[in-house]
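Peer 1: After the structure tokens below, expect a handful of questions from me.
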Amino acid sequence: MLTLGARIAEIEALYTCVLDTTGTRAERRFLAELAETGARLADEAGTAARTARPRPASTRPGGGARPRPRPRLRRRIARTQRTADWIIARTGRRSG
0 MLTLGARIAE
10 IEALYTCVLD
20 TTGTRAERRF
30 LAELAETGAR
40 LADEAGTAAR
50 TARPRPASTR
60 PGGGARPRPR
70 PRLRRRIART
80 QRTADWIIAR
90 TGRRSG
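If you use numbering that gives the first Met the number 0, the sequence shown corresponds to residues 0 to 95, in order.
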């Protein structure tokens, strides 16, 4: 999960660079890096979702076992992919 958090931070940094960039050439380079990083995040998140270990049953008083975390993780992956696509599409429209 730490790796996924680092990728998200990298995406945020690249997005900030795209917004702050004034030259078209530099903006294209940052957008390409943003797309690459988004793809890496999606791949790593997909791998994490497939290899996630089931969590042990809850030991909370009165609480049963938690639902499996995979559907939630998949929703997060999908949301992150949509966000990265939205960012790329939005910045792409501004450049030309």
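Just so you know, even glycine gets a beta-carbon here, dropped at the ideal spot from N, CA and C.
Indicate whether the contact test is met: 3 or more Cβ pairs, each with one atom in the segment 43–54 and one in the segment 18–35, closer than 8 Å.
Peer 2: The answer is no - the segment 18–35 does not touch the segment 43–54, with fewer than three Cβ pairs under 8 Å.
Peer 1: What does the alpha-carbon distance come out to for the pair Ala47 and Thr2?
Peer 2: Cα-Cα distance, rounded: 10 Å.
Peer 1: For Arg74, which three-state DSSP category applies?
Peer 2: Here Arg74 sits in helix by DSSP.
Peer 1: By alpha-carbon positions, which one of Thr21, Arg73 and Arg89 ends up nearest to Leu40?
Peer 2: With distances taken between Cα atoms, Leu40 lies closest to Arg73.
Peer 1: Using three-state DSSP, classify Arg52 as helix, strand or coil.
Peer 2: Note: Arg52 maps to coil in three-state DSSP.
Peer 1: Candidates Glu9, Gln80 and Glu26: which alpha carbon is nearest Val17's?
Peer 2: If we check each option's Cα against that of Val17, Glu26 comes out closest.
Peer 1: Could you please give the first and the last residue of the uninterrupted alpha helix (DSSP H) stretch that includes Gly22?
Peer 2: Here Gly22 belongs to no alpha helix (DSSP H), and DSSP marks it neither H nor E.
Peer 1: Alpha carbon to alpha carbon, what distance is there between Arg89 and Gly95?
Peer 2: Any reading at Gly95 must be qualified, since the residue scores a pLDDT of 45, below 50, and its modelled position is unreliable; the value itself is stated next. Approximately 11 Å, taken between the alpha carbons.
Peer 1: Would you mind stating whether Gly45 and Ile76 have Cβ atoms separated by less than 8 Å?
Peer 2: Contact: yes.
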